[in-house]
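Mapping of the sequence shown onto my numbering: position 28 corresponds to residue 1240, and the numbering continues sequentially without gaps.
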Amino acid sequence: MIGKRITHRMADGVRVPGTWRHAFICNGGTYFLTDLFIYADGIVDCWDLVTLDEFEKKLRSGWVATGLPDGGSASAHHLGRWTFGEPDTWLTPELLLAEVRDTIDELNGRPDSTGRCLAAVEVFLAEPTEENRSAARAAYLAIPETVRHYALGDMDRKDRPLQVLVAGPGGRLPDWPDGRRVSQEAYDEAVAYFGEREHWRAEARKRVPADGAAHSFAPAVKLPHSYPQRALERPDKRCLRNDYPAPLTVDGVTYPSVAHAYWARSVADPEARGAVVAAETGAEARTLAAGAARREGWERTRTAVMARLLRAKYAQHPDLAAILLATGDATLVYDDADSGFWGDNGGRGRNWMGRLLELVRSELPADEARAG
């Protein structure tokens, strides 16, 4: 189960999603506690990128260890070393390989062994023949033993109803104690359980959150770094840039653009501030401000200042606000070659400008409602 352990690797410019789990690698007689990375394209990183077939060979050879010997030497990189004393492990090469295969299915959005089992159970319940029961039973036994308890998502009953259903009246599963058989009463209860479970699932599918159903995300909008010199006759997404010439008035002072206002407010000296305001372009305003002393505590206040300036820009330019609103709920990717704080910059920056634009965009409908 992947849970929140999400990662990725880049392969020929393509982002391949992945996850990880703990594992021991036996190298030179020492067992190293490490992370095993599993990717959607079937590549596994076990101190080397290998295919699934190669990974199976690593398992069979003991390189990826599932058995831990009493007295064996172990190490966790940069953490410490120890010796195994009465180790207890339930993994086998077959079991770990099955779990990795399930993980790859899950990363690709395909039914894993649990999903395939539940699909076979639905077929059996719709047409309860022995042939369909046998298929459901085989699908259940194909689920890795370590995850069978979670197959129904019921932490009270675990997978007991599932075991009883696929075993059938008078039947048993391979790992049951001798003499244990499914009674007719237990089987009837299991069938009733699945009927109730389907009812719960149907009700859950109909349930709508109190604040409305979820919607898919719009495609991201990228705002590449540019240096607009004049207002566009037909404004487009370039007008969302801070140095776009859209005058705004804040605290009685009119600035040629958000960039002018931001950089003017960043400098401590009033004379230098006036020169920044008078700069011909936003880029020139930044250059002038860079050569002046910053206001004390500017790094702590700059984000709040920028949010206020953006609100003023779009409140005072309804046509530009309409362009911002037209981006819907898209992620706004703002590039800024001069700042890893404000810009996304190919995923290396923090994209604070994009995030603030999304915040202001979320407030615009409320502003319109108040104006109406």
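Yeah, the Cβ is synthetic: ideal placement off N, Cα and C, and Gly gets one too.
Quiz item: Can you tell me whether DSSP reads residue 1222 as helix, strand or coil?
Solution: strand
Quiz item: Mind checking whether residue 1254 and residue 1261 have CB atoms under 8 Å apart?
Solution: no
Self-check item: For residue 1469, the three-state DSSP class (helix, strand or coil)
Solution: coil
Exercise. Under the assumption that residue 1493 contacts residue 1456 (Cβ atoms under 8 Å), give the Cβ distance between them as a whole number of angstroms.
Key: So it is not a contact: roughly 11 Å between Cβ atoms.
Practice problem: Assign residue 1563 to one of three DSSP states: helix, strand, or coil. | Solution: Reduced to three states, the DSSP call for residue 1563 is coil.
Quiz item: Helix, strand or coil for residue 1229 per DSSP?
Solution: DSSP places residue 1229 in the strand class (E or B) of the three-state scheme.
Quiz item: Is residue 1462 closer than 8 Å to residue 1473 when the C-beta atoms are compared?
Solution: yes
Practice problem: Write down every uninterrupted run of the alpha helix (DSSP H) in the segment 1470-1510 whose length is 4 residues or greater and which is fully enclosed by it, in chain order. | Solution: 1470-1478, 1482-1489, 1494-1502
Exercise. Name, in chain order, the residues that DSSP records as bridge partners for residue 1548.
Key: In the DSSP output, where bridge partners are listed per residue, residue 1548 has none listed.
Exercise. Measuring alpha carbon to alpha carbon, tell me which of 1558, 1574, 1458 ends up nearest residue 1225.
Key: Per the C-alpha coordinates, the member of 1558, 1574, 1458 positioned closest to residue 1225 is 1558.
Practice problem: Have a look at residue 1556 and residue 1248 and give me their C-alpha separation to the nearest angstrom. | Solution: 30 Å
Quiz item: Is residue 1361 helix, strand or coil when you go by DSSP?
Solution: helix
Quiz item: From residue 1309 to residue 1379, what does the alpha carbon distance come to, in whole angstroms?
Solution: 26 Å
Quiz prompt | the ligand SAM heavy atom lying under 7 Å from the CB of residue 1497 | solution = What this structure holds is no ligand at all, so the ligand SAM is not there to describe.
Quiz item: If you compare alpha carbons, which of 1465, 1422, 1269 is closest to residue 1486?
Solution: 1465
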